[in-house]
Amino acid sequence: MFAWIYLKDEKWVIGTGADEKPLEYVERFFNYIKEKYELRGKIIKKEGFSSTLKSTVYLGEGRILMVGDAAGLVDLYRGVGMDNAALSGRLAVKAITKAEEEGLEADYCLKA
Numbered sequence: 078m079f080a081w082i083y084l085k086d087e088k089w090v091i092g093t094g095a096d097e098k099p100l101e102y103v104e105r106f107f108n109y110i111k112e113k114y115e116l117r118g119k120i121i122k123k124e125g126f127s128s129t130l131k132s133t134v135y136l137g138e139g140r141i142l143m144v145g146d147a148a149g150l151v152d153l154y155r156g157v158g159m160d161n162a163a164l165s166g167r168l169a170v171k172a173i174t175k176a177e178e179e180g181l182e183a184d185y186c187l188k189a
């Protein structure tokens, strides 16, 4: 299990990751943080996503390229992925453009 907490735009962002019983872990961690830091107020939003919890990166094959979360580029330690998603998207566009210009498969251009 891993967890994070940070303040963003006057709101606390609290999250966890676990390979088993994730809802149980998030509730326990949330209650612990609430008590420890005497947090009051309401929960504004709950969200979640599924991950393999492994650092396996798969960029695709042939004419199919994966980017962001789909490519396994989530930073599990920081609980974020937008920077990796944006960068991988830019690299995918470059690979696709080069592939079209040179008549190659996009995954080949991504590796080059």
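In the numbering used here, the protein residues as written are 78 to 189.
All residues carry an ideal CB built from backbone N, CA and C; glycine is no exception.
Where residue i falls, given that 16 or more other Cβ within 10 Å makes a residue buried
i      : result
Gly158 : buried
Asp160 : exposed
Thr174 : exposed
Val151 : buried
Leu79  : Here residue 79 is Phe; the residue named in the question, Leu, does not match the sequence. It is exposed - the Cβ of Phe79 has fewer than 16 other Cβ atoms within 10 Å.
Gly139 : exposed
Endpoints, beta strand (DSSP E) assigned at residue i
i     : result
Ala80 : Phe79 to Lys85
Lys88 : Lys88 to Gly94
CB-CB length for residue i against residue j, believed under 8 Å
i      : j      : result
Lys153 : Met143 : In the sequence on display, residue 153 carries Leu and not Lys. About 17 Å; that fails the 8 Å criterion.
Val134 : Ala148 : 6 Å
Interface flag, residue i vs chain C, CB-CB below 8 Å
i      : result
Gly125 : The structure shown contains no chain C; it is built from a single protein chain.
_Complete alpha helix (DSSP H) runs within the region 104 to 187 (minimum length 4 residues, chain order)_ = 159 to 179
*Quick check: the region 81 to 91 against the region 103 to 118, are there 3 or more CB pairs under 8 Å?*
yes
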